[in-house]
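**Student:**
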Amino acid sequence: MNLVRHVLGRIASAVFLAVVVSFFALPMLWLASAPFDAHPSVTASLPEFTLKNFRAILDNPYALGSIGNSVVQAGGAAVLVVVLAALAAYALSRVRVPGRDALLYVLLLLSSVVTGTAAMVPIFELASRLDLIDTHLGVVLTVSGGLLPAAIFILKDFMDATPTSYEESARVFGASPLQILRHIVVPLVRPGLATIAVWAVANVWSGFLLQYILLRDPDKSPGSVVLYTLYTEGGQPNLSLISTFSLLYSLPVVLMYLFVSSRYGFRFHGGIKR
Amino acid sequence: MDTDAAGLGRGRAVAFTLPALVLIGVFLIFPAIWTIYLGLTDYRLTGLAAADPRLVGADNYTAALGDGRFRNSLWLTVQFVLGSAIIGQAGLGFALAWTMRDRRGPLRKVVEALVLLSWILPGSVVAFLWIALLDRDGGTLNTLLGTPGAAWLLDHPMLSIIVFNVWRGTAFSMMLYSAALENVPPSHLETARLAGASTFQQLRDVVLPRIKGHVLTNVLLTSLWTFNDFTPFLLTAGGPEGRSEILSVYIYNVALRDGQLGAGAAVSFLVLLINLVFALAYLRLLRDRREVPG
């Protein structure tokens with residue numbers, strides 16, 4: 002009786018895993034094969050190998066440019082968030098400011114409450130008034146404002162955990178606070194800074210809503226938005242073009258995760274995205 | 567740690583913190599406050615120049631509550647959160663973690679890699695993949711299921727975006743539960759099994775009491791994220807005929823596509839309040855768990 006139950010259990014779990022693996026694998030197999038297929042119907046059929054889809058992407062006026070836009074916006078947000086969060090986290094870690102913990106708590110609460118969905122109207126309004134519509138700066142500032150509270154919170158944890166004795170010696174030798182931060186604290190908390198940078202880049206890279214409402218000009222739009230316009234234009238989607246672009250657009254974030262996790266050994270961080 | 571080893575002093579501490587606070591103030595706190603004001607006006611977008619807004623009190627709120635489209639949207643959002651965040655992501659995530667708990671080796675690596683990849687891929691890309699798979703004319707799903715000509719996105723828009731969101735978000739739950747299950751001693755499960763407890767009884771009596779906190783955290787976070795998710799817009803834009811117009815898409819369609827900024831802002835404020843409930847519950851949970859040892 003027990004043996005029967007055991008065998009049935011093993012079979013059930015094997016079937017379950019097989020179904021789940023196919024569920025997750027199917028879209029990825031398609032993503033990996035369609036760009037190299039001369040006739041990528043969405044039907045499951047043997048691909049006819051070609052590289053001409055990549056040629057077509059190079060010729061498309063918006064595709065490469067949009068990846069460049071994504072790089073500018075993601076890079077800008079990552080730099081801004083890392084620098085401002087590091088400064089703030091350092092100060093908050095080392096100096097007792099009244100109400101510090103309450104402040105951090107409220108900011109963190111706000112950052113998960115004020116989402117794109119809850120704030121798209123005022124953010125669009127604000128950007129129009131500040132002349133930030135159709136600018137990379139608008140995207141960078143808006144995204145950074147949303148990411149900073151959690152970034153400060155995480156970095157403060159890292160800074161709290163580092164010993165202050167080096168800073169004291171450096172101070173004795175006459176280093177300024179900024180020099181101490183740059184030459185002593187930053188190298189110590191580098192894994193934390195890398196986490197924040199990757200997290201910011203991943204957020205911008207896959208972000209759609211804010212970019213979609215702030216950028217109307219396809220010359221400024223990032224890959225996530227251009228991808229959408231590629232398949233909504235003119236009804237019949239060009240599957241070779243979109244699938245090839247999807248693959249190219251996905252590669253940088255996937256490589257970045259692999260690089261950072263091998264270099265700094267952080268596995269999967271709970272709230273690393275969103 | 568308040569040693570001030572670098573000799574910052576209060577003044578410099580404020581100067582270091584201020585740039586971040588200004589950015590947070592302008593792009594996070596101000597929009598939250600302004601959405602309250604905008605929701606009380608009849609603000610409309612005509613072309614690019616907005617007409618002068620007029621305060622209309624609670625009109626937008628009473629109009630929304632009396633509007634079938636808004637109530638439909640609210641109900642669809644409930645379906646979306648229950649179906650994709652709670653049953654889908656949390657449920658499937660737990661089932662996966664449970665099935666793989668004592669497996670090692672290549673299968674585990676394959677499953678983890680696949681699920682994580684689905685989490686890392688940009689939302690737009692995932693949306694496109696599902697549009698292609700669900701395609702009416704020879705989409706892979708129709709080929710596999712033997713349902714040629716089934717228009718999933720048109721005929722089952724909610725089911726489509728729910729499956730899409732499960733695919734995209736299960737990784738978080740799976741990793742959370744994998745870690746949680748490591749806190750359940752195998753010997754306790756073994757004892758329960760030898761005493762004749764069924765899998766269901768083991769789950770209810772041995773596992774659940776130990777991972778209750780994780781379950782709550784998981785359900786709160788995935789619900790909050792799903793509740794605010796806008797990517798379903800890429801699959802259906804809320805259609806056909808509003809049949810997948812969840813709140814995030816409703817706000818976009820009303821405020822930024824149709825130009826009724828005031829009406830959209832009012833609904834945004836409701837979203838803000840609901841988010842606040844989720845977030846307070848989550849922070850409360852974190853605090854409670856920190857006080858409980860182990």
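In the order they appear, the protein sequences are chains Z and Y. Just so you know, we're using our numbering here: the first sequence kicks off at 2 and counts up by one. Just so you know, we're using our numbering here: the second sequence kicks off at 567 and counts up by one. For every residue, glycine included, the Cβ atom is placed at its ideal position computed from N, Cα and C. Quick caveat, the model's predicted, so the values are computed rather than measured.
Measure the Cβ-Cβ separation of Q826 of chain Y and V833 of chain Y and say whether it is below 8 angstroms.
**Tutor:** Cβ distance not < 8 angstroms, so Q826 of chain Y and V833 of chain Y don't count as in contact.
**Student:** Examine chain Y for any beta-carbon lying closer than 8 angstroms to the beta-carbon of R191 of chain Z, and answer yes or no.
**Tutor:** No, R191 of chain Z lies away from the interface with chain Y (no Cβ there is under 8 angstroms from its Cβ).
**Student:** Whose C-beta lies closer than 8 angstroms to the C-beta of Q768 of chain Y among residues of the same chain, with five residues either side of it excluded?
**Tutor:** L755, A758, R759, listed in sequence order.
**Student:** Name the DSSP beta bridge partners of F50 of chain Z, please?
**Tutor:** Bridge partners of F50 of chain Z: Z:D38.
**Student:** Report the start-end ranges of each alpha helix (DSSP H) in the stretch 759–800 of chain Y that is 4 residues or longer and not cut off at the edges.
**Tutor:** Here the runs fully enclosed are 765–768, 774–793.
**Student:** Look at the alpha carbon of E807 of chain Y and the alpha carbon of S789 of chain Y, and state the distance between them as a whole number of angstroms.
**Tutor:** Rounded to the nearest angstrom, the two C-alpha atoms are 25 angstroms apart.
**Student:** Just the chain Z side, please: which residues come within less than 8 angstroms of W600 of chain Y by C-beta, in chain order?
**Tutor:** P123, E126, L127, listed in chain order.
**Student:** Rounded to the nearest angstrom, how far is the Cβ of D135 of chain Z from that of L228 of chain Z, given a contact under 8 angstroms?
**Tutor:** The Cβ separation is near 19 angstroms, so there is no contact.
**Student:** Going by DSSP, name the residue or residues bridged to T607 of chain Y.
**Tutor:** Per DSSP, Y:L621.
**Student:** Does the distance from the CB of L210 of chain Z to the CB of F796 of chain Y come in under 8 angstroms?
**Tutor:** Their beta carbons are under 8 angstroms apart, which means L210 of chain Z touches F796 of chain Y by this criterion.
**Student:** Mapping DSSP to helix, strand and coil, what is R850 of chain Y?
**Tutor:** DSSP places R850 of chain Y in helix when its eight states are reduced to three.
**Student:** Please return the same chain residues whose Cβ sits closer than 8 angstroms to the Cβ of A845 of chain Y, not counting the five positions on each side in sequence.
**Tutor:** L790.
**Student:** State buried or exposed for K53 of chain Z, treating a residue as buried only when at least 16 other CB atoms are found within 10 Å of its CB.
**Tutor:** Label assigned to K53 of chain Z: exposed.
**Student:** Below 7 angstroms on C-beta distance, what does A89 of chain Z contact in chain Y?
**Tutor:** Under the 7 angstroms cutoff, chain Y gives F582, T583, A586.
**Student:** Determine the direct distance from the alpha carbon of L631 of chain Y to that of V622 of chain Y, and round the result to whole angstroms.
**Tutor:** In a straight line, the C-alpha of V622 of chain Y is about 16 angstroms away from that of L631 of chain Y.
**Student:** If distances are taken between C-alpha atoms only, which option among Y:F793, Y:L800, Y:Y848 comes closest to L642 of chain Y?
**Tutor:** Looking at the Cα atoms, Y:F793 is the closest of the given residues.
**Student:** Can you tell me whether DSSP reads T612 of chain Y as helix, strand or coil?
**Tutor:** T612 of chain Y falls in the strand class under three-state DSSP.
**Student:** At which residues does the alpha helix (DSSP H) containing W70 of chain Z begin and terminate?
**Tutor:** Checking the sequence shown, residue 70 of chain Z turns out to be Asn, not Trp. 64–95 is the span of the alpha helix (DSSP H), which, as asked, contains N70 of chain Z.
**Student:** At the level of alpha carbons, what is the spacing between L707 of chain Y and F694 of chain Y?
**Tutor:** For L707 of chain Y and F694 of chain Y, the distance between alpha carbons rounds to 14 angstroms.
**Student:** Touch check for the stretch 730–744 of chain Y and the stretch 772–784 of chain Y: three-plus C-beta pairs under 8 angstroms?
**Tutor:** As far as the Cβ criterion goes, the stretch 730–744 of chain Y touches the stretch 772–784 of chain Y, which means the pair count is three or higher.
**Student:** With 16 other CB atoms within 10 Å as the buried threshold, where does L673 of chain Y fall?
**Tutor:** Exposed, because fewer than 16 other Cβ atoms sit within 10 Å of the Cβ of L673 of chain Y.
**Student:** Suppose contacts are defined by Cβ-Cβ distances below 8 angstroms. Is L687 of chain Y in contact with V677 of chain Y by that definition?
**Tutor:** Result no, Cβ atoms of L687 of chain Y and V677 of chain Y do not sit closer than 8 angstroms.
**Student:** Roughly how many angstroms separate the alpha carbons of L606 of chain Y and T628 of chain Y, rounded to a whole number?
**Tutor:** Their Cα atoms are separated by approximately 11 angstroms.
**Student:** Please list, in chain order, all residues of the same chain as D701 of chain Y whose beta carbon is under 7 angstroms from its beta carbon, the five residues on each side excluded.
**Tutor:** If we look at D701 of chain Y and ignore the five residues flanking it on each side, it has no Cβ neighbours.
**Student:** List the residues of chain Y that T116 of chain Z touches, going by C-beta distances under 7 angstroms, in chain order.
**Tutor:** Those within 7 angstroms of T116 of chain Z in chain Y are N794, N841.
**Student:** Using only the heavy atoms of the ligand NAD, determine whether one of them is closer than 7 angstroms to the beta carbon of L742 of chain Y.
**Tutor:** No copy of the ligand NAD occurs in the structure displayed, which carries no ligand at all.
**Student:** Between which two residues does the alpha helix (DSSP H) harbouring G146 of chain Z extend?
**Tutor:** Element bounds for G146 of chain Z: 137–161.
**Student:** The alpha helix (DSSP H) spanning R578 of chain Y covers which residue range?
**Tutor:** Run containing R578 of chain Y: 575–590, per the alpha helix (DSSP H) assignment.
**Student:** Could you tell me the boundaries of the alpha helix (DSSP H) in which L719 of chain Y lies?
**Tutor:** Start and end: 718–721.
**Student:** Taking the alpha carbon of Y603 of chain Y as the reference point, which residue from Y:T612, Y:R620, Y:L587, Y:G591 has its own alpha carbon closest?
**Tutor:** The residue with the shortest Cα to Cα distance from Y603 of chain Y is Y:R620.
**Student:** Are there three or more Cβ pairs, one per stretch, closer than 8 angstroms when the stretch 57–72 of chain Z is compared with the stretch 109–123 of chain Z?
**Tutor:** No contact exists between the stretch 57–72 of chain Z and the stretch 109–123 of chain Z.
**Student:** With DSSP as the reference, label F269 of chain Z as helix, strand or coil.
**Tutor:** Reliability of the predicted coordinates at F269 of chain Z is poor, the pLDDT of 44 falling under 50, and the value obtained from them is presented with this limitation in mind. Note: F269 of chain Z maps to coil in three-state DSSP.
**Student:** How about L683 of chain Y: is its C-beta nearer than 8 angstroms to some C-beta of chain Z?
**Tutor:** With 8 angstroms as the cut-off, L683 of chain Y counts as an interface residue toward chain Z.
**Student:** In this structure, how does DSSP classify R217 of chain Z when only helix, strand and coil are distinguished?
**Tutor:** Residue state, collapsed to three classes: coil.
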